[in-house]
Every structure is written in C-alpha cells, then in structure tokens.
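Here's the structure, in structure tokens; my notes come after.
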Amino acid sequence: KPPIIVSELATRMGLKPFVLLADLIKLQVFVAPHQAIEPETAAKVCELHGFIFEREKREKGGGVHKIEEVVVEPEKVQDEPEDVLQLRPPIITIMGHVDHGKTSLLDYIRKSSITKGEAGGITQHVAAYKVEREGKPVTFIDTPGHAIFSDMRARGADITDIVVLVVAANDGIMPQTLEAIEHAKKAEKTIIVAINKVDLPTANVMRVKTQLAEKGLQTVDFGGDVECVEVSALTGAGVDGLLELLALQAEVLELKANPKGNARASIIEARVQPGRGATASVIVETGTLKVGTPFICGPFAGKVKSLINDRGESVKEAKPGTPVEVIGFDEMPNVGDSLVEMDNIRAAQKLADERQLDRRNDRLQLTRKSRMEDLFSNV
Ligand code: GTP
Ligand code: MG
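Numbers in the UniProt record's numbering are just positions in the sequence shown, counted from 1, shifted up by 131.
Take a look at the structure:
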C-alpha cells in the first residue's frame with residue numbers, strides 16, 4: 132500500500148499541511164509534511180476535520196493498471212456506483228515560461244482575444260475556459276508563467292488531467308518550464324509538449340527537443356513516449372493537431388464523475404471584485420453546484436448567491452469538469468481549498484466555527500513554540 136503523506140492528506144481535506152502537523156503534535160506524532168503517517172493516525176486527524184478516512188481502489192490510465200490510492204472523502208459524499216458516473220470534460224492545464232505563448236495559444240483555441248484584454252499581456256491570474264470540440268467539451272486552465280506564481284502552477288497541476296507544456300521554439304527551456312515539468316511530474320500528470328512560435332525564423336525545434344530529452348522528457352521521435360506538437364499560436368499552424376491529440380488522450384483516460392452527489396469544487400483563483408465582494412473561480416470536481424447551495428470552504432461557510440460561466444453569463448448550475456465563478460463568500464477563500472456542499476447553512480457554519488477555532492489554537496501553539504525557541508536561543 133502507498134504511504135499516507137501528511138501534505139497530500141492535508142490537500143485532500145483542503146487544509147494547509149501545518150494544520151495537520153499541529154494536530155499530529157497533539158497526538159504525539161512528530162513528522163515533517165513530506166513524511167508518512169499510520170492509517171490509524173490519519174483516521175484520527177481526518178475525524179478532527181469532519182472527514183472520514185478511507186482507502187479506495189481507483190482505476191488509472193483507463194483501466195490498464197490499477198493503482199491503489201489514499202482517498203479522503205467528505206463526510207457527506209456517498210458511494211458512487213458505476214451507473215451514476217458520467218463522462219466529464221477533461222481538464223487541461225497550460226503551463227510554461229513567461230511569454231512563451233500560453234494565453235495566445237488558448238486565445239487561438241477560443242478564437243477570442245484574451246491576450247489583448249490583459250494588463251501588459253502578462254497573465255495575472257489563472258483563468259479557466261470551456262471549449263467545445265466536435266461536440267465534446269474540454270476545460271482549459273491558463274496559468275501565469277511568472278516566477279512568483281509557482282503555487283498556482285502547482286495547484287493547476289493538481290486538479291488537471293493533462294498538462295500542456297508550452298515551450299517557445301526561439302527561447303527553449305527556461306526556469307519556469309522546468310518548474311512546470313516538476314509540478315506535472317510530482318502530480319503524476321500526462322505531459323503533452325507544444326513547441327510554440329515555430330513561425331519565427333529563429334525557431335529551433337531540434338534544440339528544444341534535445342533540451343527536453345536532457346530533462347527526462349523524451350519525445351516520440353526521440354524514441355520516448357512524450358507526445359509533442361509543433362504549433363504557432365500566431366498563425367494557428369499545428370493547433371488542430373494538438374487538439375486532436377488532447378481529445379485522444381482524454382478518451383483514453385475515460386474521465387468520469389457523479390453529477391448527482393454532493394458538489395465539491397476546487398478553488399483555482401480568488402479575488403475581491405467591486406460590487407460582487409469575494410469571488411472565486413472554481414472547477415467542479417463532483418456533483419452539480421447550484422445557486423442556493425450552502426457550503427464549507429476551508430474555514431469559511433457560505434451559500435452560492437450566483438454562478439457566472441466563462442463567458443460572463445449568469446447560470447443556475449455547473450456540472451463536473453466545468454469552470455465557474457462563485458459569488459457568495461463572506462471572506463476571500465484560499466486558493467487550493469475545496470468548496471464542499473453541506474445540507475444546510477447551520478451545519479456549514481458549525482463546521483466553519485470548529486475549523487476556525489482549530490486554526491486559532493494552532494497559531495497559538497505555534498507562537499508559544501517559537502517563543503520557547505527564542506527563549507532557548509538566547510541562553
Ligand atoms: P504569461 O502569461 O505572461 O506567462 O505569458 P504567455 O505565455 O501567456 O504569453 P502570451 O500569450 O501573452 O504571448 C507573449 C508574446 O508572444 C505575445 O507578444 C504574443 O503575441 C507572442 N506570441 C505568442 N505565440 C506566438 C507565436 O506562435 N508566434 C509568434 N511569432 N509570437 C507569438
Ligand atoms: Mg498568459
């Protein structure tokens with residue numbers, strides 16, 4: 132059985148690892164975030180946060196091989212028998228170094244002009260869009276290439292099914308290209324490489340492929356198994372080939388979710404908007420998120436006031452794999468937390484109070500601990 136890693140367990144509950152570390156200290160278990168804990172211990176900390184710990188068999192790679200995973204499900208999510216599972220759109224995250232053309236590529240795919248609307252052409256935040264291709268929906272997440280957005284890239288890799296790594300052919304592999312590879316590998320996601328800007332006279336596709344191979348990403352023509360497409364977001368050359376490859380890959384993965392159960396969505400971006408208050412872009416993972424749904428999200432309770440789709444239209448509900456903007460938070464939620472549907476607002480509020488109390492206690496303990504350390508360091 133695979134080990135239960137503290138930081139992974141925290142992620143699954145929508146908590147920061149230090150919260151679990153504090154819980155573990157109370158249980159006399161002293162570990163670092165990357166270390167493993169016993170199932171019995173995991174069960175105890177899960178219970179503290181209103182989760183039930185269970186190990187569940189999940190199929191990966193379209194049933195080619197079975198991998199056992201540690202899965203923590205919120206209390207309210209019931210068993211999901213096969214017949215309620217329906218195909219959902221694949222979630223594809225576009226990553227790469229700054230200015231390598233991620234937004235332009237997505238822009239071409241959407242045939243709109245997101246790049247023009249952005250401040251200085253640099254992506255400020257994650258944006259998610261749903262695109263239909265031959266009647267099949269695909270969800271894309273655009274991530275910023277700037278160094279400071281490492282967390283967002285990590286998060287993007289986490290909730291995604293396939294990572295499209297954009298590398299500019301004139302520039303080659305750069306620091307955030309490498310970082311994106313790291314994130315994708317860590318999250319065990321399929322990487323498809325899009326070598327962009329091949330329209331430029333300075334484009335050097337061979338050099339990019341050699342650099343990729345040096346970093347352990349052997350493309351198919353180099354005898355490896357990494358699919359690679361040469362594209363130009365400017366002229367649109369190769370983009371259709373990329374989409375076809377993505378559709379094929381998605382089909383192999385056979386991604387399914389239950390649209391009927393309780394909704395759970397992952398926060399990919401949060402901000403305060405004038406006239407709307409705190410809002411969050413989420414991707415629905417399971418269930419159908421509806422207007423009026425009471426929820427818990429990290430330490431905050433809330434109720435969905437309205438939902439706005441990726442075209443700015445108000446919608447009543449959002450199904451699995453769909454990106455949507457949620458209005459109805461009292462406070463700005465944390466990126467990476469999960470929004471989980473609750474039966475009623477009172478239950479949500481109760482859980483929120485508990486979580487907030489826990490966090491206050493943890494902070495108190497941490498300050499006490501650091502004060503003690505200060506004390507000793509002066510001796
Ligand atoms: P960040 O979001 O800041 O990380 O950048 P990005 O990767 O989204 O790059 P963006 O799409 O904003 O493009 C950066 C610049 O490269 C823009 O000036 C684009 O017009 C240009 N560009 C993007 N794709 C191509 C391409 O295929 N060919 C050429 N010649 N220019 C391109
Ligand atoms: Mg961009």
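Every residue gets a Cβ at the ideal spot worked out from N, C-alpha and C, and that includes glycine.
Every value quoted in this text rests on a predicted model; they were computed, and no experiment measured them.
Alpha carbon to alpha carbon, how far is L237 from R477? Give it in angstroms, no decimals.
Rounded to the nearest angstrom, the two C-alpha atoms are 41 Å apart.
Starting from P148 and walking both ways along the alpha helix (DSSP H), at which residues does that stretch end?
Element bounds for P148: P148 to K157.
Nearest-angstrom Cα distance between V403 and A300?
Between V403 and A300, the C-alpha separation is close to 37 Å.
Considering Cα atoms alone, identify which of V176, K436 and S437 is closest to I156.
The shortest Cα separation from I156 among V176, K436 and S437 belongs to V176.
What residue ranges within the segment 367 to 436 form continuous beta strand (DSSP E) runs of no fewer than 3 residues, ordered along the chain?
You should have 395 to 404, 408 to 417 and 425 to 428.
Roughly how many angstroms separate the alpha carbons of V455 and E400, rounded to a whole number?
Rounded to whole angstroms, V455 to E400 spans 11 Å at the Cα level.
Go ahead and label F431 buried or exposed: buried means 16 or more other beta carbons lie within 10 angstroms of its beta carbon, across all protein chains shown.
Buried: at least 16 other Cβ atoms inside 10 Å.
Compute the Euclidean distance between the alpha carbons of V208 and K481, then round it to the nearest angstrom.
Any reading at V208 must be qualified, since the residue scores a pLDDT of 41, below 50, and its modelled position is unreliable; no value is offered.
Which of the three DSSP states is assigned to N301 in this structure?
In this structure, N301 counts as coil in the three-state DSSP scheme.
DSSP three-state call for K261: helix, strand or coil?
In the structure shown, K261 sits in a strand (DSSP, three-state: E or B).
In angstroms with no decimal places, state the Cα-to-Cα distance between N492 and L158.
One C-alpha to the other measures close to 15 Å.
So, helix, strand or coil for S469, using DSSP?
Residue state, collapsed to three classes: strand.
Are three or more beta carbon pairs between the segment 378 to 390 and the segment 334 to 344 nearer than 8 Å?
The segment 378 to 390 is not in contact with the segment 334 to 344.
The ligand GTP and residue 514: does any heavy atom of the ligand fall closer than 7 Å to the residue's C-beta?
With the chain covering 132 to 510 only, the question about residue 514 has no answer from this structure.
Looking only at C-alpha atoms, which of E361, V413, A449 and L331 sits nearest to N465?
The residue with the shortest Cα to Cα distance from N465 is V413.
Kindly identify the DSSP beta-bridge partner or partners of T172.
The partner list for T172 (beta bridge, DSSP) is empty, contrary to what the question assumes.
Looking at G452 and I222, is the spacing between their C-beta atoms short of 8 Å?
Yes.
Going by Cα to Cα distance, which pick from T142, L151 and M226 is closest to D489?
Considering only alpha carbons, the answer is L151.
Do you know offhand how far I293's Cα is from R499's?
Distance between the alpha carbons of I293 and R499: 44 Å.
Taking H228 as the reference, which of A173, A311 and I183 has the closest Cα?
If we check each option's Cα against that of H228, A311 comes out closest.
Are the segment 457 to 475 and the segment 142 to 151 touching, with three or more C-beta to C-beta distances below 8 Å?
Cβ pair count under 8 Å is three or more, so yes.
Judging by CA-CA distance, which residue of P134, P133 and P164 is the nearest neighbour of A141?
Minimum Cα distance to A141 is reached at P164.
Under 8 Å between the Cβ atoms of R264 and T274?
Not in contact: R264 and T274 (Cβ atoms no closer than 8 Å).
In this structure, how does DSSP classify M337 when only helix, strand and coil are distinguished?
The answer is helix: DSSP assigns M337 an H, G or I state.
Quick one: residues in its chain with C-beta nearer than 6 Å to the C-beta of I135, no 5 flanking neighbours on either side, listed in chain order?
A167, I168, A173 and V201.
Hey, E472 and G433 are a contact pair by Cβ (cut 8 Å); roughly how many whole angstroms apart?
So it is not a contact: roughly 11 Å between Cβ atoms.
If I follow the unbroken beta strand (DSSP E) through K267, where does it start and stop?
Taken as a continuous stretch (DSSP letters only), the beta strand (DSSP E) holding K267 covers K267 to D273.
Which term fits D356, buried or exposed, when burial requires 16 or more other beta carbons within 10 angstroms of its beta carbon?
So D356 ends up on the exposed side.
Please name the residue in I326, R219 and V262 whose C-alpha comes closest to that of K233.
Cα-wise, what sits closest to K233 is I326.
Assuming V137 is part of the alpha helix (DSSP H), what are its boundary residues?
That run of the alpha helix (DSSP H) goes V137 to R143.
What do you get for T410, buried or exposed, if any count of 16 or more other CB atoms within 10 angstroms of its CB means buried?
It is buried - the Cβ of T410 has at least 16 other Cβ atoms within 10 Å.
Let me know if T366 comes out buried or exposed under the rule of 16 or more other beta-carbons within 10 Å of its beta-carbon.
Exposed: under 16 other Cβ atoms inside 10 Å.
For the putative contact between K450 and L218, defined by C-beta atoms under 8 Å, what is the C-beta separation to the nearest angstrom?
Not quite, the Cβ-Cβ distance comes to about 11 Å (not below 8 Å), so this is no contact.
Once DSSP output is grouped into helix, strand and coil, what is the label at V215?
V215 falls in the helix class under three-state DSSP.
I'd like to know whether the C-beta atoms of V298 and T308 end up nearer to each other than 8 Å.
Yes, these two residues count as a Cβ contact at 8 Å.
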